[in-house]
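Notes follow once the structure below has been shown.
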Amino acid sequence: MKDRLYDASQFVFSLVETAMANSITFSGEENLNKKLPTLFVANHFTRMETFLLPYVLYKKLDFQVRSLADHSIFEGVLGEYLSAVGTVSTEDKGRNEKILGDLLTGRTSWMIYPEGSMIKSKKVLLSKDTFLIEDETGLHDMFTGAAVVALESEILKTKYLALQNNCDIESIQEFKEKYLLGDEENISYYNTHIVPVNISYTPISKGANPLAEFAYKYIDDISDDLNEEIDIESNLLLNSQFHIHFSKAIDVKAYLLKSKRELQRLGIDTDDANLIEKIKVPFINLMMDEVYKNILITFEHVFALSLEYLEDRSFTLDELKRRIYLISRELKRSATYHVSKDLHANIYTLLNDEPYKLFDDVFALSISENILESMDKKIYRVNVENFKNEYTFHTIRVKNILRVLINETIILKELHRTVKSQIQKDLALVNKEVLYTIYNRDKKEFKYDYNKFYSVFDSKPKEVGEPFILYNEKNSIGCVISHGYKSGPKEIAPLAHYLFKQGINIYAVRLKGHGTMPEDLRDVTYKEWYDSFDVGYAALRGVSKKLYFCGFSTGGLLALLKASNVHDTVDGIICINSALSLQDIRVKYIVPTLNILNNFLSMFNADMDTYESEPEHPDINYKKHYLTSIGELKELIDVVNERLKYVTEPTFIIQGDKDPIVNPQSADLIYDSIASLKKEKYILKSNKHVVILEEDIREGFFEKIVSFIKS
1 MKDRLYDASQ FVFSLVETAM ANSITFSGEE NLNKKLPTLF VANHFTRMET
51 FLLPYVLYKK LDFQVRSLAD HSIFEGVLGE YLSAVGTVST EDKGRNEKIL
101 GDLLTGRTSW MIYPEGSMIK SKKVLLSKDT FLIEDETGLH DMFTGAAVVA
151 LESEILKTKY LALQNNCDIE SIQEFKEKYL LGDEENISYY NTHIVPVNIS
201 YTPISKGANP LAEFAYKYID DISDDLNEEI DIESNLLLNS QFHIHFSKAI
251 DVKAYLLKSK RELQRLGIDT DDANLIEKIK VPFINLMMDE VYKNILITFE
301 HVFALSLEYL EDRSFTLDEL KRRIYLISRE LKRSATYHVS KDLHANIYTL
351 LNDEPYKLFD DVFALSISEN ILESMDKKIY RVNVENFKNE YTFHTIRVKN
401 ILRVLINETI ILKELHRTVK SQIQKDLALV NKEVLYTIYN RDKKEFKYDY
451 NKFYSVFDSK PKEVGEPFIL YNEKNSIGCV ISHGYKSGPK EIAPLAHYLF
501 KQGINIYAVR LKGHGTMPED LRDVTYKEWY DSFDVGYAAL RGVSKKLYFC
551 GFSTGGLLAL LKASNVHDTV DGIICINSAL SLQDIRVKYI VPTLNILNNF
601 LSMFNADMDT YESEPEHPDI NYKKHYLTSI GELKELIDVV NERLKYVTEP
651 TFIIQGDKDP IVNPQSADLI YDSIASLKKE KYILKSNKHV VILEEDIREG
701 FFEKIVSFIK S
């Protein structure tokens, strides 16, 4: 095909190119080979796929593809455009000859949608190894045209080669004319290959948008069906992520010969017509099995399936989130399906009781479509009747998109087993599994960082930096506890063990970049430290009737910051020598002017990057500082200062009167700035910063912490 057929699409798609620039991802590109005559077979959910997919393959992967499209869309400007880019109508009388000619020569690949038309409901069933699909006429068998064309292409190659061997010039000419071969064109030496393609979208949304408004302005007499398509497809173009997966190519000739041998062994006639008739159904099912099992499993799928198996049980959103978390982890571990990146490791942030867009959006959708009903402030239940309502073929996408997502997964039995198992699991067991799943991931991340930055001469023992939990399921109180800047969990171990002996479960977090080597800390942001604190929160939240935050130095700042963002789920905060105001002049002066100084020093090939200071506990703390890290600490201090007014929980503030690192005024600043009605200051007589490790004084304030927690 001439390039001008593809270049014609330039203007049409320039309107949405910017919006789509980062919205298309691929997997399986290694399965594409431009040398091979290729027939792509794909699922069909939207009208725009007929022209969008060939365009994307050309623009993104430099792969020229013609498409077979439903005859109903060959009207008006769209029809003219489709014809211009080489798309062929399903009612074109010469369609098979055009496709076969391209496959025989390998000059152009083709895209066919075996479902025949858009499957708006995405309803696909499997009955006795045969796929059934639902369109507006109801359920029916998968169309076999793609299988027939692919098989015919290899049979015709054999016939053509026989004509050449017999020097049958007249028949060769007739063959070329029938299949639109040029006088100088020859049959490809390569076998025809089938590449199954799955097209997935996330999220599938609806509602007003600029592209839809543009369509409504220029299209007259919009029917209800067209209105639905404009609504859904304009939002897909502008607001969704497209994922296109290419499965491993199927060699048509190899399949043909294998099937022929099996039929001959059974004594079945294998003339060309009978052979195609016997194997076209299993062949199309083989292709489409690859298409359907390679959908991209997204957060929305897991949410919808969770509601499906909750049925009419009442539940809290916190419970639902924890079950979704475990489902996502199991899907990732099993590696059975393609799983969206939004279901990967950082999904633990779903459990941090802060805004989580993926959940919030699909939850809002389920409320708006009357799928979820609020029983009271925190309890919900699925309206089963509404949830199972499939409406009509042309309205299901706008009235019950979650049902569409479930339909898409009907044949994925292992996915359903995974979700059902987690949804039916006892909640106490779910909460315990969440704790250990998060903890094991946390330890794994530490091990990775430790090994990455390991130094034979300078690395400290692993127990200095490894996060740890102290857990007894009989305890009802939990405490997330954090160490300070340049340190590791070992710094807070004495307090953690003391609290645990008093019946308080512990999650001792490791702040990102700590407990390994200073180089690990260099490029870490304060937001990543906050995320580290969140790990402990997400883990302990479900197994604690009462939950407290405790932080030493920088850890105290993180405890306050987290408390400012969640209220109903935290019962109190303990801050020990929290670093709201520092004694070190370098934080106050050097960091704010670091860029200016570095620009000046660069004139002399010098750089002010690090400095060293002797810590109180060199067996735990880093000696070397990167000024970028000090800058992050300064930014954290500024953020916490702004957020203190939102801290309303009971707060216990402990401060050494002669702390060499933290200005003792920090305690007053915190006390005066927080909005807590119950708050207390306790001043220690100490000239040390790491008071948790000072045996002569720690017992006294440890007892006071326990009293505060149990008061």
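Quick note: the sequence shown uses my numbering, first residue 1, plus one each step.
Where is the CB? At the ideal position from N, CA and C, for every residue including glycine.
All values derive from a computational prediction rather than experimental measurement.
Three-way DSSP call (helix, strand, coil) for residue i in this model
i	result
residue 503	coil
residue 198	strand
residue 628	helix
residue 64	coil
residue 696	helix
residue 583	coil
residue 291	helix
residue 348	helix
residue 69	strand
residue 147	helix
residue 254	helix
residue 381	strand
residue 682	strand
residue 666	helix
residue 706	helix
residue 589	Confidence at residue 589 is low in this model, with a pLDDT of 38, below 50, so the placement of that residue should be treated as unreliable; the coordinate-derived value is given next. Correct three-state label for residue 589: helix.
residue 570	coil
residue 481	strand
residue 260	helix
Spatial neighbours of residue i in its chain, beta-carbon cut-off 7 angstroms, leaving aside the 5 residues before and after
i	result
residue 231	206, 212, 398
Same chain, Cβ closer than 8 angstroms to residue i, five either side skipped, listed in chain order
i	result
residue 45	118, 119, 120, 122, 199, 201
residue 703	none
residue 652	572, 573, 574, 575, 679, 680, 682, 704, 705, 708
Element boundaries [beta strand (DSSP E), containing residue i]
i	result
residue 301	Counting along the chain, residue 301 falls outside any beta strand (DSSP E), though it belongs to the alpha helix (DSSP H) covering 299-310.
residue 424	Where residue 424 is concerned, there is no enclosing beta strand (DSSP E), given that its DSSP letter is neither H nor E.
residue 373	372-374
residue 182	Careful: residue 182 lies outside any beta strand (DSSP E) and carries neither H nor E.
residue 554	Where residue 554 is concerned, there is no enclosing beta strand (DSSP E), although the alpha helix (DSSP H) it sits in stretches over 554-565.
residue 27	24-27
residue 676	Premise fails: residue 676 is in no beta strand (DSSP E) and is neither H nor E.
residue 714	Only positions 1 to 711 of the chain appear in this structure, which leaves residue 714 out of reach.
residue 316	314-316
residue 141	138-141
residue 456	Per DSSP, residue 456 belongs to no beta strand (DSSP E) and is neither H nor E.
Nearest-angstrom Cα separation, counted from residue j out to residue i
i	j	result
residue 712	residue 43	Any answer about residue 712 is impossible in this case: the structure gives the chain only from 1 up to 711.
residue 721	residue 422	Given that the chain is displayed from residue 1 to residue 711, the structure contains no residue 721 and the question cannot be resolved.
residue 392	residue 452	56 angstroms
residue 23	residue 204	13 angstroms
residue 61	residue 128	37 angstroms
residue 143	residue 291	14 angstroms
residue 266	residue 280	17 angstroms
residue 581	residue 493	25 angstroms
residue 402	residue 156	45 angstroms
residue 85	residue 244	21 angstroms
residue 658	residue 442	35 angstroms
residue 455	residue 489	20 angstroms
residue 565	residue 354	7 angstroms
residue 691	residue 469	22 angstroms
residue 190	residue 253	10 angstroms
residue 699	residue 661	22 angstroms
residue 175	residue 385	59 angstroms
residue 739	residue 535	There is simply no residue 739 to check, as the chain begins at 1 and stops at 711 in what is shown.
residue 91	residue 145	13 angstroms
residue 173	residue 154	19 angstroms
residue 556	residue 296	41 angstroms
residue 140	residue 133	6 angstroms
For residue i, the first and last residue of its enclosing alpha helix (DSSP H)
i	result
residue 363	357-368
residue 125	That residue, residue 125, is in no alpha helix (DSSP H); its beta strand (DSSP E) goes 124-127.
residue 524	Unbroken run through residue 524: none, as it is neither H nor E.
residue 134	From DSSP, residue 134 is part of no alpha helix (DSSP H) but of the beta strand (DSSP E) over 130-135.
residue 229	224-239
Contacting residues, own chain, Cβ-Cβ under 6 angstroms from residue i (five flanking each side not counted)
i	result
residue 373	381, 383
residue 234	209, 211, 212
residue 476	545
Assess, as a yes-or-no matter, whether the region 609-624 is touched by the region 497-509 under the definition of 3 or more beta carbon pairs within less than 8 angstroms. no
Three or more C-beta pairs under 8 angstroms: does that hold for the region 151-166 against the region 44-63? A contact is defined here as three or more CB-CB pairs under 8 angstroms, and the region 151-166 fails this definition with respect to the region 44-63.
Using 8 angstroms as the cut-off, can you tell me whether the region 303-317 makes contact with the region 409-420, which would need three or more C-beta pairs spanning the two stretches below that distance? Judged by Cβ distances under 8 angstroms, the region 303-317 makes contact with the region 409-420, as three or more pairs qualify.
Three or more C-beta pairs closer than 8 angstroms, one from the region 340-355 and one from the region 403-414: is that the case here? Between the region 340-355 and the region 403-414 there are fewer than three inter-stretch CB-CB distances shorter than 8 angstroms, so the stretches are not counted as touching.
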